[in-house]
Amino acid sequence: MTTLENRSATALLVVDVQNVVVDGAYRRDAVVANIADLVERARRADTPVVWVRHHDDVLPYGSDGWHIVSELSPADGEPIIDKSYGDAFEDTPLEQTLADRQVGRLVVTGAETDACVRSTLHGAFTRGYDVDLVADAHTAGDKTAWGAPPVPAVIDHTNLYWAHQAAPGRTAGVVATAEVDLGGRE
1 MTTLENRSAT ALLVVDVQNV VVDGAYRRDA VVANIADLVE RARRADTPVV WVRHHDDVLP
61 YGSDGWHIVS ELSPADGEPI IDKSYGDAFE DTPLEQTLAD RQVGRLVVTG AETDACVRST
121 LHGAFTRGYD VDLVADAHTA GDKTAWGAPP VPAVIDHTNL YWAHQAAPGR TAGVVATAEV
181 DLGGRE
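Residue numbering for the sequence shown follows full-length UniProt numbering, starting at 1 and increasing by one per position.
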């Protein structure tokens, strides 16, 4: 259903599952395990896995905290998109990477729910992609000290509103890890 022509493939997008980003994040180990399961399933299905890493003044490129967590390892040939904005499409080769693979549907996982995951969801949707958020494969750190809701509420709210996104010619959805379809959409 994507509005992108000749782009029926699906890709698994793993956003910012980096040491410092998920250190102390809500349900960190369960979320990382769910992402690992999805990565393994995507590889078996020959579905592209695309990795995203954030860097900025607080999270320097190449630092220990910047690395993807040890439980997850990009395979040879899997693209890694380095970014410095919340939306993984901004000022990166992500769009071209997906176009080269004829991807029109993204299955999104990662961190942080209330920042880079949310920005990338919207960035993909407004660019014409069908976008599924994996309900139990995204997380965030506690930001209640700055007035944000507790992380479980942030995750629940994001899952709720993403399940009801709508736009002409595109679909949005929320699905549990066990129910994710990693095939393309015609």
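Quick reminder that beta carbons are idealized off the backbone N, C-alpha and C, glycines included.
Treat the numbers as computed from the prediction; the structure is a model and nothing was measured.
Shown here, H122 sits in a helix according to DSSP, grouped into three states. For D156, the enclosing alpha helix (DSSP H) stretches over residues 151 to 162. Counting C-beta pairs with one atom in each stretch, the region 11 to 23 and the region 143 to 163 have fewer than three that are closer than 8 angstroms, which means they do not touch. At a Cβ-Cβ threshold of 7 angstroms, A25 and A153 do not count as neighbours. A178 and V58 have their C-alpha atoms spaced approximately 35 angstroms apart. In this structure, C116 lies away from V49, with their beta-carbon atoms at least 7 angstroms apart.
Comparing C-alpha distances from W162 to each of G123, M1, L98 shows the shortest one belongs to G123. Per the coordinates, the alpha-carbon of P93 lies some 7 angstroms from the alpha-carbon of I81. Counting only runs of 3 or more residues that sit fully inside the UniProt domain "Isochorismatase-like" (10 to 145), the beta strand (DSSP E) segments are 49 to 54, 80 to 83, 103 to 111, 130 to 139, in chain order.
In the three-state reduction of the DSSP assignment, A178 falls in the helix class. About 13 angstroms separates the Cβ atoms of G128 and S8, ruling out a contact at the 8 angstroms cut-off.
The beta-carbon distance between T10 and G183, rounded to whole angstroms, is 6 angstroms. This is short enough to meet the 8 angstroms contact definition.
Apart from sequence neighbours up to five positions away, the residues of its chain that approach Q102 with a beta-carbon distance below 7 angstroms are N6, R7, S8, A9, ordered along the chain.
Of the other Cβ atoms in all chains shown, fewer than 16 fall within 10 Å of the Cβ of R44; this residue is therefore exposed. Excluding sequence positions up to five before and after H55, its CB lies within less than 7 angstroms of the CB of Y61, W66, D82, S84, all in the same chain and listed in chain order. L12 has its alpha-carbon roughly 7 angstroms from the corresponding atom of A42. When I35, V174, H138, V134 are compared, the shortest CA-CA separation from S70 is found for I35.
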